[in-house]
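Residue numbers (our numbering): 8 to 264.
For glycine and all other residues, C-beta sits at the position ideal for the given N, C-alpha and C.
Note that this is a predicted model, so its numbers are computed, not measured.
Presented below is the structure to which this report refers.
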Amino acid sequence: MNKIWYLLCFSLIVFNSCKGTKAVNESRIKKLNAEKVIVNHYNRSFNFKTLNARIKVKYHSDKQSFSPYASLRIEKDKAIWLSVKMLGITLAKALITPEKVSYYEKIENTYFEGDFKLLSKWLGTDLDYDKLQQLLLGQSLFNLREDKYEVTIEDRVYQLQPKKELELFERLFLLRPDTFKMVSQQLNQPIENRRLNINYASYQIVGNQDFPKQIYIEALQGKEKTTIEIDYKTVDYNTKIGFPFTIPSGYKQVTVQ
């Protein structure tokens, strides 16, 4: 399981969700209803067709730690491609589409092809392609238009909380008042003893649009804790990109129970 997250490369948390943002006087934050905050969030979503980025990843779990560089490519709503390198050597590749997750790694010569069930179980939330793409772009994992929310202003950010929670599931979203981008997404399953925190420590301007600079994720399941930090080093968009991916022959398939 840890291999998949090493290859997908996500998270480390120090709850520092407002780092790199301008201080905002809480008294000057415009009071808006939840519907308006949500509309502004989607109106400010990153507009692109393709994305080509170089990222630095810091991965840490109770069993292992990695700190590789990776190339990340996205064709909106169609594919997410990741190539992980250390010392200039490609160690692993992953290709994620709305239909399936595929990866291979060269250390133990293994590969995986399957759906999102393992990632969903590990995160404690129903994960699919759209949620993964939104996570990388600084957008809400959930469709905020589908539920009714209450909004408050806490610690200089808008705080959105569902009026009626999903069964056995708690959600909290914090948004910046100047850009309406995500500061933090907090998902909790108390009965299952699972918690997922996704924090956007800072943003950068890419083509006159706000785009994440640093993402910190912490996944807790029982006593197990996995943290990943994603640092976008370079970001380009709407360029021609490819998704070279072929599982080498002779590799052993990893199965998921």
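*Does DSSP put Arg163 in a helix, in a strand, or in coil?*
For Arg163, the secondary structure class from DSSP, reduced to helix, strand or coil, is coil.
*Residues sharing a beta bridge with Ile212, DSSP*: Beta-bridge pairing links Ile212 to Asp217.
_Completely contained alpha helix (DSSP H) runs for the segment 23-82, where each covers 4 or more residues_ = Listed in chain order, they are 41-50.
*Do you know how far the Cα of Val213 is from the Cα of Ala30?*
Note that Ala30 scores 43 on pLDDT, short of 50, meaning its location in the model is unreliable; the coordinates nonetheless yield the value given after this. Whole-angstrom Cα-Cα distance: 21 Å.
*So, helix, strand or coil for Arg178, using DSSP?*
Three-state DSSP puts Arg178 in a strand.
_Selection from Gly257, Glu231, Gln221 that minimises the alpha carbon distance to Tyr62_ = A quick correction: the sequence has Ile, not Tyr, at residue 62. Comparing Cα positions, the closest option is Gln221.
_6 Å Cβ shell around Leu89 - same chain, five flanking residues per side excluded_ = The beta carbon of Leu89 is closer than 6 Å to those of Ala77, Leu79, Ala101 in its chain, skipping five residues each way along the sequence.
*Excluding the five sequence neighbours on either side, which residues of its own chain have a C-beta within less than 8 Å of the C-beta of Tyr258, listed in chain order?*
Taken in chain order, the residues that qualify are Tyr111, Asn116, Thr117, Tyr118.
*Under a three-way DSSP split, which group does Cys16 fall into?*
A caution first: Cys16 carries a pLDDT of 40, below 50, which makes its placement in the model unreliable, though a value can still be read off. Correct three-state label for Cys16: coil.
*With Pro169 and Arg178 assumed to form a contact (beta carbons below 8 Å), what rounded beta-carbon distance in angstroms separates them?*
Contact check for Pro169 and Arg178: beta-carbon distance about 6 Å, within the 8 Å limit, so the pair qualifies.
*Excluding five sequence neighbours on each side, which residues of the same chain lie with their C-beta closer than 6 Å to the C-beta of Asp154?*
These residues qualify, in order along the chain: Pro169.
*DSSP state of Tyr156 mapped onto helix, strand, coil*: In the three-state DSSP reduction, Tyr156 falls in the strand class (E or B).
*asked:* Please tell me whether, using a cut-off of 7 Å, the distance from the CB of Leu148 to the nearest non-hydrogen atom of the ligand SAM is below it.
replied: Ligands are entirely absent from the displayed structure, and the ligand SAM is therefore not among its contents.
*Mapping DSSP to helix, strand and coil, what is Asp84?*
The DSSP-derived three-state label of Asp84 is coil.
*asked:* Report the CB separation of Ile224 from Arg152 in whole angstroms; it is logged as a contact under 8 Å.
replied: Rounded to whole angstroms, the Cβ separation of Ile224 and Arg152 is 24 Å, and the two are not in contact under 8 Å.
*Count the other CB atoms within 10 Å of the CB of Thr28; is the residue buried (16 or more) or exposed (fewer)?*
With a pLDDT of only 41 at Thr28, under the threshold of 50, the placement of this residue in the model should not be trusted, and no figure is reported.
*Per-residue DSSP class, three states only, for Tyr118*: Strand, per DSSP.
*Among Arg35, Val64, Leu39, Lys138, which residue has its Cα nearest to the Cα of Lys240?*
Here the closest residue by C-alpha is Val64.
*Candidates Leu139, Leu98, Ala208, of which the one nearest Pro105 by Cα*: Comparing C-alpha distances from Pro105 to each of Leu139, Leu98, Ala208 shows the shortest one belongs to Leu139.
*Determine, using beta carbons only, whether Glu106 comes closer than 8 Å to chain C.*
Structure shown: chain C not included; a single protein chain is present.
*Using CA coordinates, which residue listed in Lys113, Gly95, Phe73, Gln71 is at the minimum distance from Thr253?*
Ranked by Cα distance from Thr253, the options Lys113, Gly95, Phe73, Gln71 are led by Lys113.
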